[in-house]
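S.K.: Can you read through this structure? Questions will come right after.
Protein chains: 2
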Amino acid sequence: MSKNLTSRTEDYSKWYNELVVKADLAENSAVRGCMVIKPYGYAIWEKMQAELDRMFKETGHQNAYFPLFVPKSLFEAEEKNAEGFAKECAVVTHYRLQNDPDKEGKLRVDPEAKLEEELVVRPTSEAIIWNTYKGWIQSYRDLPILINQWANVVRWEMRTRLFLRTAEFLWQEGHTAHATESEALAEAELMNNVYAEFAEKFMAIPVIKGIKSESERFAGAVETFCIEALMQDGKALQAGTSHFLGQNFAKAFDVKFTNNEGKLDYVWATSWGVSTRLMGALIMTHSDDKGLVLPPNLAPFQVVIVPIYKNEEQLTAITDKAQGIISRLKELGISCKFDGRTTHRPGAKFAQHELQGVPLRIAIGPKDLENNTVELARRDTLSKEFVAMEDLVAKIKGLLKTIQDELFDKALTFRDSHITEVDDFETFKKVLETKTGFISAHWDGSAETEQKIKELTKATIRCIPMDAKEEAGTCVYSGKPSSRRVLFAKAY
Amino acid sequence: MSKNLTSRTEDYSKWYNELVVKADLAENSAVRGCMVIKPYGYAIWEKMQAELDRMFKETGHQNAYFPLFVPKSLFEAEEKNAEGFAKECAVVTHYRLQNDPDKEGKLRVDPEAKLEEELVVRPTSEAIIWNTYKGWIQSYRDLPILINQWANVVRWEMRTRLFLRTAEFLWQEGHTAHATESEALAEAELMNNVYAEFAEKFMAIPVIKGIKSESERFAGAVETFCIEALMQDGKALQAGTSHFLGQNFAKAFDVKFTNNEGKLDYVWATSWGVSTRLMGALIMTHSDDKGLVLPPNLAPFQVVIVPIYKNEEQLTAITDKAQGIISRLKELGISCKFDGRTTHRPGAKFAQHELQGVPLRIAIGPKDLENNTVELARRDTLSKEFVAMEDLVAKIKGLLKTIQDELFDKALTFRDSHITEVDDFETFKKVLETKTGFISAHWDGSAETEQKIKELTKATIRCIPMDAKEEAGTCVYSGKPSSRRVLFAKAY
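One line per chain: the protein sequences are A and B, in this order. To convert, note that position 263 of the first sequence is 263 in the working numbering; the numbers rise steadily by one, no gaps. To convert, note that position 76 of the second sequence is 568 in the working numbering; the numbers rise steadily by one, no gaps.
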């Protein structure tokens with residue numbers, strides 16, 4: 001366990017990369033741009049999955065599974081979607097290997113086994129799913145269809161970073177079909193709200209709900225709702241998106257239904273997704289120079305007990321005590337691990353659990369046995385105190401709630417202090433470089449201005465916030481009239 | 493909802509294919525050999541996953557995730573494994589599409605975007621995982637590694653059938669690394685026992701635990717443990733396998749560790765998996781000519797309530813009553829759905845729930861409101877009875893247990909009556925064609941005899957049962973000496 005984690009001020013990007021690897025969350029694999037998610041990282045992802053899955057089911061959705069491959073002819077059917085993803089598609093062209101006649105013990109692609117039609121490894125599943133829905137929908141009685149899929153997808157990105165941008169990533173993608181435009185729009189907004197609630201209540205990450213500008217919209221969508229978070233380095237991160245797809249995919253795949261007036265119409269659609277990218281958001285929102293800081297809701301184990309002993313007898317007595325604590329915590333649904341490894345000293349264990357962000361650490365030594373106390377340490381504040389055994393369980397229960405709340409509050413304070421209203425372009429550029437964070441500014445609504453600002457500053461429009469007030473103003477770049485402010489930021 | 497399900501005696505294979513589709517479990521997709529798992533089928537798979545995942549974690553395993561793609565050079569490293577899977581590999585050769593200059597609005601593979609090294613879509617993950625483990629293991633202190641992965645895999649099968657054999661399927665694959673041979677062997681057998689327990693207690697499918705003959709072994713394994721089930725048509729189905737891999741993969745990927753005596757040695761390995769094929773086993777073990785029969789443990793909902801009414805007032809009263817039943821069942825952890833659809837008549841609902849195998853059906857009509865009773869129907873026996881409201885919840889709780897047990901007993905009786913001891917080859921062939929099922933016969937242990945028997949009868953050695961007694965005899969085909977009986981059968 002190395003102590004040499006680069007500090008955030010020294011090099012934020014390096015700090016992130018090192019932390020992901022040293023905290024045993026993930027690592028790069030032998031496959032370009034693809035990561036291995038290690039057990040500790042995957043355990044966090046499983047907790048996210050479980051909560052999201054519960055929320056999806058509570059809002060009436062069911063899970064299903066659609067093929068990994070999309071035949072090229074289906075992939076290209078919805079033109080904008082195809083155009084948006086064509087440049088990052090992994091393509092299967094052959095279905096067999098054979099012994100290489102030139103190289104003993106090596107294999108080569110069998111040239112005889114070429115597919116008649118190439119298969120795209122799904123970068124997203126609208127095409128294969130809407131081609132399937134065509135067979136499921138005849139009448140309004142077949143609607144709505146409210147389906148979610150947990151799956152891997154592949155987007156051949158040129159520059160990748162663990163969790164934030166990988167060629168293969170894990171995600172969920174909801175795909176719903178509706179009889180009316182208003183119902184589909186309401187669904188898209190509902191699921192964006194579900195994502196926001198999940199991010200804030202479960203991940204302790206404050207987010208801004210908004211809609212994307214046209215150029216930042218999902219390829220094939222009519223409207224993209226999103227949640228935007230702010231990382232500690234002042235860069236924004238899109239944490240989830242929910243798309244109102246209009247009738248675009250229904251038209252591309254000819255999915256019509258008889259409505260309740262007996263007339264034929266195209267079906268209305270949404271899709272929405274969050275991915276293992278959320279792991280990156282989690283890490284960059286809460287962690288510090290000593291390592292990961294995990295909100296108790298997402299910690300693989302919420303409490304760890306480290307015994308401090310000089311002989312077997314002491315260890316036995318401490319272990320006994322620890323087992324009692326663990327079973328009482330378990331009754332309250334609190335997960336606690338006893339770190340009884342004899343191969344590591346307490347100091348090394350402390351450092352590891354700090355690095356891995358375990359919310360609470362209990363140390364029990366011989367003195368504690370005598371006094372009937374333990375030492376309880378908080379990972380987020382690094383504060384320590386001695387707690388009497390009889391108060392311990394109640395104390396832990398309260399602290400876990402406190403930590404969850406305070407992590408959110410801290411992130412919210414940071415975020416809110418990094419939204420700056422700006423009305424001229426010189427200040428815009430200065431704030432972006434010095435203060436960083438979101439800039440709330442007027443925009444004339446044109447893609448040209450958006451593009452120009454991006455070229456000049458690397459800032460993009462993160463969203464038009466759902467709660468943006470009507471306010472007459474002039475565009476921060478063009479000086480043209482504008483009716484409300486939007487949020488700009490540099491982004492991951 | 494069609495009533496025209498082909499009967500099992502008429503055409504078992506057709507019955508199966510129709511049932512999978514009509515019960516809304518799965519359907520074929522636009523991608524050759526790949527299926528869409530529909531929400532009702534996926535809900536059953538989720539129940540299997542949850543229980544297996546619980547069992548894996550209880551036996552000390554953690555989940556992780558490894559890349560979908562395996563670079564060809566890694567894939568070919570373990571020669572037997574590579575040879576075993578080379579003929580069914582989907583291969584990614586390119587990473588980009590572009591507009592087709594010859595066809596307006598169409599895409600083609602960008603010839604400039606050819607990968608330097610082809611990527612195999614994982615047919616199984618030993619290669620990519622052992623290449624990763626190499627970086628994780630230095631000393632015996634790093635062992636054991638006990639990891640499981642839930643994932644999709646692709647094997648380009650020429651003849652596919654929903655759930656039983658599909659080009660893409662969902663599975664879990666455990667991959668463990670150990671310091672000693674005996675520990676790895678014990679792990680492989682332990683996980684085969686976990687599969688057996690899961691199949692019997694949870695799926696109500698009796699299985700025979702055994703080891704595979706050399707020619708039926710997993711490519712790259714030293715020993716393959718398996719569980720074998722018997723379907724209603726007398727054909728066997730391999731329901732799960734657990735492999736002792738020896739040091740084969742450690743040698744292929746050069747994974748050495750310092751043992752507790754300070755000496756370098758290769759690491760010992762296991763891998764084990766079950767897949768969506770279990771859905772096929774489930775369907776073919778319990779279902780009947782009216783449709784699916786589900787063990788209560790796996791039913792997406794265990795009880796359904798159908799209201800029978802002539803007017804709104806009756807429907808309201810029945811709905812009230814139903815809600816009361818549902819909430820009392822929920823307290824006991826029993827899932828119950830109210831089928832209040834106004835678009836379908838009770839008869840159609842009955843047929844659908846029969847087809848979909850809901851274990852218990854409650855019908856409530858106006859007479860029942862008067863008498864304070866309900867009609868309760870069992871899906872497995874198709875028996876019906878009137879039950880007083882005050883007895884209902886206890887009755888349901890008891891019946892769900894009874895159904896789970898009786899389904900297992902029924903399958904066990906069928907299975908046990910279809911294991912036939914045979915001592916000459918004429919009888920062997922006759923039993924195989926007329927009575928079907930497992931044939932317990934002596935075998936001389938040679939691959940030649942095994943192959944010959946397969947050619948002549950299509951029967952393969954399903955396993956050498958773990959509990960096979962030492963018994964002197966002569967091979968049913970060659971007449972050579974044999975020390976114990978093995979199980980032959982035609983198989984899925």
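All C-beta atoms in this analysis are idealised placements derived from N, C-alpha and C, irrespective of residue type, glycine included.
Is the beta carbon of B/Leu-511 sitting closer than 8 Å to the one on B/Leu-874?
M.R.: No. Outside cutoff.
S.K.: Quick check on B/Phe-985 - is its C-beta less than 8 Å from some C-beta in chain A?
M.R.: Here chain B has residues from 493 to 984 only, and residue 985 of chain B is not among them.
S.K.: Between the alpha carbons of A/Gly-347 and A/Asn-311, how many angstroms are there, rounded?
M.R.: The straight-line gap from Cα to Cα measures roughly 17 Å.
S.K.: Tell me the DSSP secondary structure of B/Glu-733 in three-state form.
M.R.: Here residue 733 of chain B turns out to be Thr, not Glu, going by the sequence shown. The answer is strand: DSSP assigns B/Thr-733 an E or B state.
S.K.: Between which two residues does the beta strand (DSSP E) containing B/Trp-537 stretch?
M.R.: Per DSSP, B/Trp-537 belongs to no beta strand (DSSP E); it is in the alpha helix (DSSP H), 531 to 550.
S.K.: Cβ of B/Ser-494 less than 8 Å from any chain A Cβ?
M.R.: Per-residue confidence for B/Ser-494 stands at a pLDDT of 49, beneath the threshold of 50, marking its modelled position as unreliable; no derived number is given.
S.K.: Using a 10 Å radius around the Cβ and a threshold of 16 neighbouring Cβ atoms, would you call A/Ala-447 buried or exposed?
M.R.: Result: exposed.
S.K.: Could you give the residue range of the alpha helix (DSSP H) that holds A/Asn-354?
M.R.: In the sequence under discussion, the amino acid at residue 354 of chain A is Glu, which differs from the Asn named in the question. 346 to 355 is the span of the alpha helix (DSSP H), which, as asked, contains A/Glu-354.
S.K.: Just how far apart, CA to CA, sit A/Thr-176 and A/Glu-126?
M.R.: Answer to the nearest angstrom: the Cα atoms are 10 Å apart.
S.K.: Rounded to the nearest angstrom, how far is the Cβ of B/Tyr-532 from that of B/Gln-848, given a contact under 8 Å?
M.R.: Between B/Gln-848 and B/Tyr-532 the Cβ distance is about 6 Å, and since that is below 8 Å, they are a contact.
S.K.: Between the region 646 to 660 of chain B and the region 731 to 740 of chain B, are three or more C-beta pairs nearer than 8 Å?
M.R.: The region 646 to 660 of chain B, when compared against the region 731 to 740 of chain B, does not touch it at the 8 Å Cβ threshold.
S.K.: Using DSSP with H/G/I as helix, E/B as strand and the rest coil, what is A/Trp-502?
M.R.: Not covered by the structure: residue 502 of chain A. The range shown for chain A is 1 to 492.
S.K.: Spell out the partners DSSP gives A/Cys-336 in its beta bridges.
M.R.: Partner(s): A/Val-303.
S.K.: Compile a chain-ordered list of the residues in the region 129 to 162 of chain A whose CB is closer than 8 Å to at least one CB of chain B.
M.R.: Per Cβ criterion, the list reads Asn-131, Thr-132, Gly-135, Arg-141, Ile-147, Ala-151, Asn-152, Val-154, Trp-156.
S.K.: Strictly under 8 Å for the Cβ-Cβ distance: is B/Glu-571 near chain A by that measure?
M.R.: Chain A contact via Cβ: present.
S.K.: Counting only runs of 4+ residues fully inside the region 169 to 205 of chain A, write out the alpha helix (DSSP H) ranges in chain order.
M.R.: Correct list: 181 to 197.
S.K.: In angstroms with no decimal places, state the Cα-to-Cα distance between A/Met-1 and A/Gln-247.
M.R.: With a pLDDT of only 44 at A/Met-1, under 50, the local geometry of the prediction cannot be trusted, and the value read off the model is given with reservation. Computed Cα separation, rounded: 54 Å.
S.K.: Helix, strand or coil for B/Ser-499 per DSSP?
M.R.: It is coil, neither helix nor strand.
S.K.: Would you say B/Val-613 and B/Lys-564 are within 8 Å of each other, going by their C-beta atoms?
M.R.: Against a cut-off of 8 Å, the Cβ pair of B/Lys-564 and B/Val-613 comes out as no contact.
S.K.: Under 8 Å between the Cβ atoms of A/Val-222 and A/Ile-128?
M.R.: It is not a contact, given that the beta carbons lie outside the stated cut-off.
S.K.: Would you report the Cα separation of B/Arg-976 and B/Gly-965, rounded to the nearest angstrom?
M.R.: Looking at the two C-alpha atoms, the distance is approximately 7 Å.
S.K.: When the Cα of B/Thr-762 is compared with those of B/Thr-894, B/Phe-793, B/Glu-673, B/Leu-786, which residue comes out closest?
M.R.: Of B/Thr-894, B/Phe-793, B/Glu-673, B/Leu-786, the residue nearest in Cα terms is B/Glu-673.
S.K.: Of all the options A/Ala-26, A/Asp-368, A/Ser-7, A/Ala-459, which has the alpha carbon lying nearest to the alpha carbon of A/Gly-234?
M.R.: Cα-wise, what sits closest to A/Gly-234 is A/Ala-459.
S.K.: Closer than 7 Å, Cβ to any Cβ of chain B: which residues of the region 232 to 264 of chain A, in chain order?
M.R.: Within the region 232 to 264 of chain A, no residue qualifies.
S.K.: Where does B/Ile-810 fall in DSSP's three states?
M.R.: Correct three-state label for B/Ile-810: helix.
S.K.: So which residues on chain A does B/Phe-793 lean against when the C-beta distance must stay under 7 Å?
M.R.: Simply none; closest approach about 12 Å.
S.K.: Going by DSSP, which residues form a beta bridge with B/Arg-653?
M.R.: In the DSSP output, where bridge partners are listed per residue, B/Arg-653 has B/Arg-657.
S.K.: Identify, in the order they occur along the chain, each residue of the same chain with its Cβ nearer than 7 Å to the Cβ of B/Asn-752, setting aside the five sequence neighbours on each side.
M.R.: Cβ neighbours of B/Asn-752 beyond the five flanking positions: Tyr-632.
S.K.: Taking C-beta pairs closer than 9 Å, name the residues in chain B that A/Gln-98 reaches, listed in chain order.
M.R.: What A/Gln-98 touches in chain B: Ala-578, Lys-579.
S.K.: Short of 6 Å in beta carbon distance, which residues of its chain neighbour B/Ser-767, apart from the five on each side in sequence? Order them along the chain.
M.R.: If we look at B/Ser-767 and ignore the five residues flanking it on each side, its Cβ neighbours are Phe-661, Trp-663.
S.K.: Taking the alpha carbon of A/Ile-334 as the point to measure from, which residue in A/Asp-320, A/Val-304, A/Ala-236, A/Phe-225 has its own alpha carbon closest?
M.R.: With distances taken between Cα atoms, A/Ile-334 lies closest to A/Val-304.
S.K.: Given this structure, state the Cα-to-Cα distance separating B/Ala-518 from B/Gly-552, to the nearest angstrom.
M.R.: Near 33 Å, if we compare the C-alpha coordinates of B/Gly-552 and B/Ala-518.
S.K.: Since B/Gly-702 contacts B/Ile-956 with CB under 8 Å, what's their CB separation in whole angstroms?
M.R.: That belief holds up - the Cβ atoms of B/Gly-702 and B/Ile-956 are roughly 5 Å apart, short of 8 Å.
S.K.: Going by DSSP, what residue range makes up the alpha helix (DSSP H) through B/Asp-757?
M.R.: First-last for B/Asp-757: 756 to 758, but that is the beta strand (DSSP E), not the alpha helix (DSSP H).
S.K.: For B/Tyr-969 versus B/Ile-945, is the C-beta distance shorter than 8 Å?
M.R.: In contact: B/Tyr-969 and B/Ile-945 (Cβ atoms closer than 8 Å).
S.K.: Establish whether the CB of B/Ile-826 and some CB of chain A are separated by less than 8 Å.
M.R.: Output row for B/Ile-826: interface = no.
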